[in-house]
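The sequence shown begins at 4 in the numbering used here and counts up by one.
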Amino acid sequence: MSLTAPSAIDTTRRGRTLRIGIVGCGVATTVTHAPTLLRLRQHHPLEVVAVCDPDERAAGRLSDLFGSAIFTSHTDLLTRATPEILLIAAPDATHAAIALDAMNAGVTNLLVEKPLATTRRQVDAIESAARRTGTHITAGTMLAHDRTADSAIEHLRRSGPARLVEVQCWLPDNEPFIAAAGQPPRTVATPQLPASDSALARLVVLSLVSHNIPHLRALVGGNVRVQHASLRRPFGSSAVLTTPTAVTHLDVRFDSVAEPLWTLSARTDSSAIEIRYPPSYVQAGGASARVTDDDGTRELTPPRKSTYAQMWEDVMNLADAAVPPHQLSPASVRAIDDARCAVDLADQIAAFIQDTSTPHRTPTPQTVAS
Ligand SMILES: NC(=O)c1ccc[n+]([C@@H]2O[C@H](COP(=O)([O-])OP(=O)(O)OC[C@H]3O[C@@H](n4cnc5c(N)ncnc54)[C@H](O)[C@@H]3O)[C@@H](O)[C@H]2O)c1
4 MSLTAPSAID TTRRGRTLRI GIVGCGVATT VTHAPTLLRL RQHHPLEVVA
54 VCDPDERAAG RLSDLFGSAI FTSHTDLLTR ATPEILLIAA PDATHAAIAL
104 DAMNAGVTNL LVEKPLATTR RQVDAIESAA RRTGTHITAG TMLAHDRTAD
154 SAIEHLRRSG PARLVEVQCW LPDNEPFIAA AGQPPRTVAT PQLPASDSAL
204 ARLVVLSLVS HNIPHLRALV GGNVRVQHAS LRRPFGSSAV LTTPTAVTHL
254 DVRFDSVAEP LWTLSARTDS SAIEIRYPPS YVQAGGASAR VTDDDGTREL
304 TPPRKSTYAQ MWEDVMNLAD AAVPPHQLSP ASVRAIDDAR CAVDLADQIA
354 AFIQDTSTPH RTPTPQTVAS
């Protein structure tokens, strides 16, 4: 079976300059998106025309890099600037409302940091607004843009239905990555973690597991049932998910682990893959992967481009593709279905944890819609 090589670096120069707006100038923007855009600007005409953050100092630091106009409210930015692409990297709970405001203001291309939305109702609202306005939706799950991981997953899919999938995500605290990038300490207090087990379990899925949902859905579909789930404090969870043909084990934790470990391994009846993802904030290269089948075992080399750069190039390419009225682009369908799956999985796992921590109730597995 042949393997597709990771795509070569696309340095095609565009004719027109893409106007980009940024809402939320915290760590994710300064450590990942800003350096990525500064590098891409060498090959793609783009301009960060406006940045927004209620913290003017944070907005000012970002504006210094790009010479952008500064706003302290996203509604002002949407009224007075006309970005073609809007990055939404404000806190999770604000994503859906800002995305809806942006679509109503005529922005046709959104890159929304994960999670795209935090409730099923928000996902539905984003879907109908995107359909109505012809907006492209991309979620900031950068691993979904990694071409080496894509190749490995495509290889496995061609060999039959996945039988077993295991996701292990053990990440150390983010702060050393942030400090290594030379960023000042956060200007806002780190949000308190929810005290309730089920709320924390929900947050773990939306903020961490959501990164792996695109690949999980590609392998087993969205209709998974939670058979078991447990919380790993301070921030993590384990879960067993089933579909009629596959079992999935999830083990994610964000803790003081010595070495980052982020892998997805999966097997069909005849093939197996193991993908090793880079942790968040890594600005060079991407996943490596091992593929095993009847022909033996081969290593797929990581792409030269960082997953953040690939994600932004994919977003910029969407800017040139018009969506027919009342339809969604295939990329938007994927992002929205991934978000719906993440929210439903979060709800299921939260319900399971609530059920098991409440005496006299039997946990009831439910179905996650794809
Ligand atoms: N894809 C990744 O690798 C990755 C990594 C880290 C964080 N994230 C996501 O990025 C988002 C931001 O996370 P962060 O770590 O940068 O948090 P942060 O707290 O460092 O930054 C958030 C920023 O948003 C600003 N803000 C708050 N409300 C706002 C509003 N209504 N409009 C505009 N700005 C507002 C804050 O003042 C702050 O500067 C989160 O959704 C998070 O899940 C993604």
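Glycine is no exception: its CB is placed at the ideal position from the N, C-alpha and C atoms.
Cut-off 7 Å between Cβ atoms - residues of its own chain near residue 96, not counting five sequence neighbours on either side: 121
Any heavy atom of ligand 1 inside 6 Å of the beta-carbon of residue 291? no
Touch check for the stretch 327 to 335 and the stretch 162 to 182: three-plus C-beta pairs under 8 Å? no
Using only the heavy atoms of ligand 1, determine whether one of them is closer than 6 Å to the beta carbon of residue 175. no
8 Å Cβ shell around residue 110 - same chain, five flanking residues per side excluded: 24, 81, 86, 87, 88, 89, 138
Buried or exposed: where does residue 107 fall if 16 or more other Cβ atoms within 10 Å of its Cβ makes it buried? exposed
Give the secondary structure of residue 87 by DSSP, where H, G and I count as helix, E and B as strand, and everything else as coil. coil
Under 6 Å from any heavy atom of ligand 1, does the C-beta of residue 282 make it? no
Measure the alpha-carbon distance for residue 127 versus residue 290 and round it to whole angstroms. 32 Å
According to DSSP, residue 313 sits in a beta bridge with which residue or residues? Note: residue 313 sits in no beta bridge, so no partner.
Distance, residue 123 Cα to residue 343 Cα: 6 Å
Nearest-angstrom Cα separation, counted from residue 318 out to residue 114: 7 Å
As a quick exercise: from 282, 303, 228, pick the residue whose alpha carbon is nearest that of residue 351. 228
With residue 230 as the anchor, note down where its alpha helix (DSSP H) starts and where it stops. First-last for residue 230: 228 to 234, but that is the beta strand (DSSP E), not the alpha helix (DSSP H).
Considering residue 119, what are the terminal residues of the alpha helix (DSSP H) in which it resides? Note, residue 119: premise wrong, no alpha helix (DSSP H); not H, not E.
Is DSSP giving residue 257 helix, strand or coil here? strand
From the DSSP output, read off the bridge partner residues of residue 55. 26, 74
Nearest neighbour of residue 269, chosen from 215, 298, 282 [CA to CA]: 215
Do you know how far the Cα of residue 197 is from the Cα of residue 353? 12 Å
For a test of the three-state rule: what should DSSP assign to residue 162, helix, strand or coil? coil
Quick one: Cα of residue 307 to Cα of residue 37, how far? 19 Å
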